[in-house]
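In what follows, a single structure is set out as structure tokens and then discussed.
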Amino acid sequence: MSTTTLPAPVHKMPREDYLNATYGLRSWLLTTDHKRIALLYLGSVTVFFFIGGLFATMIRIHLLTPNGFLVTPETYNKLFTMHGVAMIFFFLIPSIPAVLGNFLIPLMIGAKDLAFPKLNLLSWYIYLVGGCFVLYSFGTGGLDTGWTFYTPLSSVYSNSAVTPAVIGIFINGFSSILTGLNFIVTIHTMRAPGMTWFRLPLFVWAHYATSLVMVLGTPVIAITLLLVGLERMFHLGFFNPALGGDPILFQHLFWFYSHPAVYIMILPSMGVISEIIPTFARKPIFGYSFIAGSSIAIAVIGFLVWAHHMFVTGESTYAALTFSFLSYLVAIPSAVKVFNWTSTLYQGSISWDTPMIYAFGFIGLFLIGGLTGLFLACLGLDIHIHDTYFVVAHFHYIMVGGAVMGYVGGLHFWWPKITGKLYPEVLARIAAVTLFVGFNLTFFPQFMLGYMGMPRRYHTYPPEFQVLNVLSTAGASILALGYLLPMLYLTWSMRYGRVAGPNPWPATGLEWKTASPPPTENFDVTPEVDWEPYDFRNRPDLGLAASGPLPAPAHGDD
Amino acid sequence: MQSQVPLYPEQASNFAPHVDNLMLFITLICLFFAVAVTVAIIIFFFKYHRKKPDDVGVPIHGNMILEAAWMIVPLILAMAMFGWGAVVYVDYRRAPQDTLDIYVIGKQWMWKAQQPNGLKEINELHVPVGKDVRLILASEDVIHDFYVPAFRVKMDVVPGHYNTMWFRPTKAGRYHFFCSQYCGTNHAIMGGWVTVMEPSEYAAWLSGTSGSGGNPVVAGEKLFTEKACATCHVGAGVGRAPSLNGVYGAKVLLADGSTVIADEAYIRESILQPNAKIVAGYQPVMPTFQGQVTEEQILALTAYIKSLQSQPVPEKGSGVAPATEKK
């Protein structure tokens, strides 16, 4: 490890790292380095984020007036459908796992790469092929089924380009499955000496749980959408009642994956927050094993709640009672995480650096998103608020407020590691606060709209809903600014940012023991781990005041 | 438009107060936790702000009692929410005996309702106050959802299934209903109004004698709105159907190039068999009103359309043949 703390190299001979080891397009497109593949993903998910964001912008502008003035009803329906498909399948699901997870998991556990580097590259190409099919669908007639593809609208009645879209999502599913598989095998078999399961960073635990969901859930959505394609092309009666099918069957199959998919989006983000908070509070995380265990609990129970999307489809009362009960159970591990994060702050040494601002933002937004889930899980209340803007607000708080805040916060936290450069701190804090304010202004009014009874997916609405819609659109413009700012200064910093050094914060994880950016092999010498996670006291290498042996603290949770 | 933003829609059914109380209950619990966590974070944020760059925090690894407490207490509260919600839901899913049954059919993109005596309505639903009403829901194509915010109830309308929903209106008035399951292009305009009437008015309305007041023009004008004619036959000629201003007695140009004089017989035929003669430039989209209007009502409607004779004919969007054209 001594090599990793070398002083800054001389300028004439830049140290070789994964970015400058080889040059040329070919060296990137054929790379098997998990760090380069992570950057390939970073580029491609950003493209889809822009596409989805553009659709969202048009939606919000259209809804400024009750009759909508921007687009026709057909176009509006395509906009929200394509917004959902681009954001969920091609941005949110791959974002943290395929970018940050890909980059960090081998570094965090002291491995040279993932277990299957070629498979990792293949995952990216599969993602691209799937993405091309979906973009083809967007470009040739668009898609107007809603991202949920409810039958028989999607399989019979829609006149839009459903078939290429479902093929694209089907293909993209394999990318997700292979990434999950790669992570599971890597975490099981490639941990450095001394990196026991309970010394793993919580980010790795979160990705382990996420990978389970990816591997077990994704095949179901892939097959389901294939059935939609088959019914559409060859009139095989799976879901169309006219052909003897059952449209409700589709919803069961769809949500069996798509509810756990929400946990694919939020669990990695929780993992990011579990890294940021102890680092910037400079103390061990409170209740390590409870946070780790709650990730697994969320992944497991998350598979048993799908029919809470179907309380008003006419499903049996007993089914509804069961799924409502299980949905309340899944709230408990999420609550455990929030309480443990908050307790970690107690008696900490808290810095106000940008990643920490994002972590606070995450907790605030996830809190609202999670708590409003309790409203929707409530059977009696769901009769009223199901399929209204209340639901739209709720899942945006989880999937944008939660998942995206975690993603952007994580990008900031590990940016010095990824690029070797620091971003402009003041600008970054301003952007983080802008995002938080813009997000709340955009989506909080939608809770009220929903309770007032405005259904979702409406291109036109009664005039009494206008005030709240205008507020929401105003917030969205602030939110957009909050997203554009980091894109600009992060890109700027790649060239002009100050040199970061191996461990600028400092943080305790193994990824910070190597150079920034890391060399292609990650570590010059295979590291050995002889410290507990998030331990700042017994780490003289961090150069902090209180370093040195201390009376062993009580492990309350062991 | 209201100047202030109200927090909840009008309460007009037996379920509305229950749902609102449930909402209040869960909101208060959630608010407690949200405020507690937020206040704790804000206090810690300032109180433990790093003083010196190389400071570290106090190592606290956890506390079993706290962990147990914040699993058990939220679990108990969650079970309370579950239980109360379940009571309201079970009540909603189990309709009482002896309901007033109305059939409701959803199709892209309109609602048809049929009252117990066979009277049909489109994008309208009339129900009496204080009576248990059960809707039997069917779909002709895709999944729809019948949603009345003022009643706090909705139910999906699924092709190949019969779903039912029930409610007891508690307050007379007119309330929005919406389609709340995305169903394609015109999902957003697939809605209408529920009219909650006093039982006596409802009975009169059912027998088709309400509101006439002896003046057929006034009765016809009311029907013209109630039967949703006015949504397409817009006076200014901007609807999906031609304006009826000045049409009575005039020549109407048809899709096949022929013309017809708009007399009583033509109007009656157009109401009962709308596809028999299509006005040039329009699609055959009007549903038949056969069985939905009594003869008396047709007379009233005709009287009203006659009364529009004096209204200005819009330049576009009228079926009236141009005066210069000779046939």
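Line order of the protein sequences matches chains H and Y. The numbers in the numbering used here rise by one with no breaks, and the one at position 148 of the first sequence is 146. Count along the second sequence from 1, add 429, and you get the number used in the numbering used here. Yeah, the Cβ is synthetic: ideal placement off N, Cα and C, and Gly gets one too.
task = Run through the region 594 to 637 of chain Y for me and flag every whole beta strand (DSSP E) of 3 or more residues, listed as ranges in chain order.
result = Within the region 594 to 637 of chain Y, the runs of beta strand (DSSP E) that reach at least 3 residues and sit entirely inside it are, in chain order, 602 to 608 and 621 to 626.
query = Which partner residues does residue 539 of chain Y have in the DSSP bridge list?
reply = Paired residue(s): Y/536.
key: Run of the beta strand (DSSP E) containing residue 688 of chain Y, from where it starts to where it stops   = Secondary structure note for residue 688 of chain Y: its beta strand (DSSP E) is the uninterrupted segment 688 to 690.
task = Could you check if residue 577 of chain Y is buried or exposed, using at least 16 other CB atoms within 10 Å of its CB as the buried criterion?
result = It is buried - the Cβ of residue 577 of chain Y has at least 16 other Cβ atoms within 10 Å.
inquiry  = Tell me whether the region 455 to 462 of chain H and the region 440 to 453 of chain Y touch, counting them as touching only if at least three CB pairs, one residue from each stretch, are closer than 8 Å.
reply    = Pairwise C-beta distances place the region 455 to 462 of chain H out of contact with the region 440 to 453 of chain Y, as fewer than three of them are shorter than 8 Å.
task = Rounded to whole angstroms, what's the CA-CA distance from residue 141 of chain H to residue 160 of chain H? Just pull it up for me.
result = A straight line joining the alpha-carbon of residue 141 of chain H with that of residue 160 of chain H spans about 6 Å.
message = Between which two residues does the alpha helix (DSSP H) holding residue 309 of chain H run?
response = The continuous stretches of alpha helix (DSSP H) do not include residue 309 of chain H, and DSSP gives it neither H nor E.
key: Reduced DSSP category for residue 576 of chain Y - H, G, I as helix; E, B as strand; rest coil   = In this structure, residue 576 of chain Y counts as strand in the three-state DSSP scheme.
message = As a quick exercise: from H/66, H/116, H/341 and H/183, pick the residue whose alpha carbon is nearest that of residue 34 of chain H.
response = It is H/116 whose Cα lies nearest to the Cα of residue 34 of chain H.
inquiry  = With the cut-off set at 7 Å, would you say residue 677 of chain Y and residue 738 of chain Y are in Cβ contact?
reply    = With contacts defined by Cβ atoms closer than 7 Å, residue 677 of chain Y and residue 738 of chain Y form a contacting pair.
Through-space distance from residue 493 of chain Y to residue 554 of chain H, alpha-carbon basis = Note on residue 554 of chain H: pLDDT 45, under 50, position unreliable in the model; the coordinate value appears next. Distance between the alpha carbons of residue 554 of chain H and residue 493 of chain Y: 6 Å.
request  = Within the same chain, show all residues whose beta-carbon is closer than 6 Å to that of residue 324 of chain H, passing over the 5 residues directly before and after it, in chain order.
outcome  = Closer than 6 Å at Cβ, skipping near neighbours: 302 and 303.
inquiry  = Considering only the alpha carbon of each residue, which of Y/534, Y/633, Y/606 and Y/636 lies closest to residue 590 of chain Y?
reply    = It is Y/534.
inquiry  = Can you tell me whether residue 407 of chain H sits near the ligand SAH, meaning its C-beta is under 6 Å from at least one heavy atom of the ligand?
reply    = Questions concerning the ligand SAH fall outside what the structure shown contains, since it holds no ligand whatsoever.
inquiry  = Distance cutoff 7 Å, beta carbons only. Does residue 573 of chain Y sit that close to anything in chain H?
reply    = Not an interface residue.
ask   = Do you know offhand how far residue 549 of chain Y's Cα is from residue 169 of chain H's?
value = Cα-Cα distance, rounded: 48 Å.
inquiry  = Runs of 3 residues minimum, wholly inside the region 659 to 687 of chain Y: which ones carry the beta strand (DSSP E) assignment?
reply    = Taking 3 residues as the minimum length, the beta strand (DSSP E) runs contained wholly in the region 659 to 687 of chain Y are 680 to 682, in order along the chain.
query = residue 277 of chain H and residue 505 of chain H look like a contact to me (Cβ under 8 Å); what is the Cβ gap, rounded to whole Å?
reply = In this structure residue 277 of chain H is in contact with residue 505 of chain H, their Cβ atoms being roughly 4 Å apart against a cut-off of 8 Å.
key: Beta-carbon proximity of residue 463 of chain H to residue 380 of chain H, cut-off 7 Å   = Their beta carbons are not under 7 Å apart, which means residue 463 of chain H does not touch residue 380 of chain H by this criterion.
ask   = Assuming residue 530 of chain Y and residue 565 of chain Y make a contact with CB atoms under 8 Å, what is their CB distance in whole Å?
value = Contact annotation, residue 530 of chain Y with residue 565 of chain Y: C-beta distance approximately 6 Å; criterion of less than 8 Å satisfied.
Residue 410 of chain H: contacting residues in chain Y (beta-carbon distance under 9 Å) = By Cβ distance, chain Y contributes nothing, its closest Cβ being about 18 Å from residue 410 of chain H, past 9 Å.
query = For the alpha helix (DSSP H) that contains residue 568 of chain Y, what are its first and last residues?
reply = Counting along the chain, residue 568 of chain Y falls outside any alpha helix (DSSP H), though it belongs to the beta strand (DSSP E) covering 562 to 568.
message = Please report the straight-line C-alpha distance between residue 635 of chain Y and residue 305 of chain H, rounded to a whole angstrom.
response = When rounded, the separation of the alpha-carbon atoms in residue 635 of chain Y and residue 305 of chain H is 40 Å.
query = When Cβ atoms are compared, which residues of the region 589 to 603 of chain Y fall closer than 9 Å to chain C?
reply = No chain C is present in this structure, whose protein chains are H and Y.
request  = Report yes or no: is there a C-beta of chain Y within less than 7 Å of the C-beta of residue 15 of chain H?
outcome  = Cβ-Cβ to chain Y under 7 Å: no for residue 15 of chain H.
ask   = Taking only beta-carbon atoms, is residue 609 of chain Y less than 7 Å away from chain H?
value = Nearest CB-CB separation between residue 609 of chain Y and chain H: below the 7 Å threshold.
key: Local conformation of residue 386 of chain H per DSSP, three classes   = Of the three classes helix, strand and coil, the one that applies to residue 386 of chain H here is strand, per DSSP.
ask   = Quick one: Cα of residue 231 of chain H to Cα of residue 529 of chain H, how far?
value = In this model, residue 231 of chain H and residue 529 of chain H are separated by some 59 Å (Cα to Cα).
request  = Identify whether residue 247 of chain H lies in helix, strand or coil by the three-state DSSP scheme.
outcome  = Three-state result, residue 247 of chain H: helix.
ask   = Using 8 Å as the threshold, is the region 314 to 322 of chain H in touch with the region 511 to 520 of chain Y, meaning 3 or more CB pairs across them?
value = Result yes; three or more Cβ-Cβ pairs closer than 8 Å.
key: Proximity winner among H/420, H/405 and H/385, relative to residue 573 of chain Y (alpha-carbon distances)   = Residue nearest to residue 573 of chain Y within the set H/420, H/405 and H/385 is H/385 (criterion: CA-CA distance).
request  = Check whether the Cβ atoms of residue 414 of chain H and residue 502 of chain H lie closer than 7 Å to each other.
outcome  = Cβ atoms of residue 414 of chain H and residue 502 of chain H: closer than 7 Å.
query = Residues of chain H with CB under 7 Å from residue 614 of chain Y, in chain order?
reply = Against chain H, a Cβ distance below 7 Å from residue 614 of chain Y picks out 71, 72 and 75.
task = Please list the partners that residue 504 of chain Y has in chain H, where partner means a Cβ-to-Cβ separation under 7 Å.
result = Those are 330, listed as they occur along chain H.
query = Which chain H residues sit within Cβ distance under 7 Å of residue 634 of chain Y?
reply = Listed along chain H, no residue sits closer than 7 Å to residue 634 of chain Y by beta-carbon distance, the nearest being about 24 Å off.
Element boundaries [beta strand (DSSP E), containing residue 557 of chain Y] = It spans 553 to 557 - the beta strand (DSSP E) in which residue 557 of chain Y sits, taken as one unbroken run.
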